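Residue numbers (our numbering): 4 to 182.
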């Protein structure tokens, strides 16, 4: 009888141990690796500048991310009674690599559509209303954390193919939000 009780006890114990919940590592949720952000800027006065430039990216690793963005700028200026306004729009592809804590390297290729009448300083596109300017921007930055996944990126970038028609002069300072 005692032998049967011991066998039943061992059998019951082994069944209970196998029926326990097996602890598994959490699966890497692909959607959690996406991030959103961009730049938003306003300036009013004799010059008006509005920047709405959203972006979406993907964290391939904890250190490397890449993504795409849309760029829209409205610019208006009133100089000596002459008023003009223009719309600048385009897109970009970017990549960032964190080298130490929140310090990162950044590169992007940006293509902007500019109005010839305001931006064709080199007089290359006189028969077109708009022309495309491509900028290759490289540099670095620092991410100031605001929460677990959100922060403000401060960057210093340099346009490697700056020309007379480039909308930027080197260096380029940028602030943007990510979440």
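Note that CB positions come from ideal geometry on N, CA and C, so glycine has one too. None of these values were measured; they are calculated from a predicted model.
Just grab the DSSP bridge partners of residue i for me.
{"i": "residue 97", "result": "70, 111"}
{"i": "residue 91", "result": "76"}
{"i": "residue 81", "result": "86"}
{"i": "residue 161", "result": "141"}
Following the continuous alpha helix (DSSP H) through residue i, name the residue where it begins and the one where it ends.
{"i": "residue 120", "result": "119-122"}
In the DSSP assignment, the beta strand (DSSP E) including residue i goes from what residue to what residue?
{"i": "residue 174", "result": "Taken as a continuous stretch (DSSP letters only), residue 174 belongs to no beta strand (DSSP E), as it is neither H nor E."}
{"i": "residue 51", "result": "50-62"}
{"i": "residue 140", "result": "133-148"}
Which class does residue i belong to by DSSP, given the choice of helix, strand or coil?
{"i": "residue 35", "result": "helix"}
{"i": "residue 153", "result": "coil"}
{"i": "residue 126", "result": "coil"}
{"i": "residue 182", "result": "coil"}
{"i": "residue 116", "result": "strand"}
{"i": "residue 47", "result": "coil"}
{"i": "residue 105", "result": "coil"}
{"i": "residue 195", "result": "Any property of residue 195 remains undetermined from this structure, which presents the chain solely from 4 to 182."}
{"i": "residue 42", "result": "strand"}
Is the segment 66-77 touching the segment 120-129 in the sense that three or more CB pairs, one from each, lie closer than 8 Å? no
I'd like to know if the segment 58-71 and the segment 80-88 are in contact, where contact means that at least 3 CB-CB pairs between them fall below 8 Å. no
Are the segment 127-135 and the segment 97-108 in contact at 8 Å, needing three or more beta carbon pairs? no
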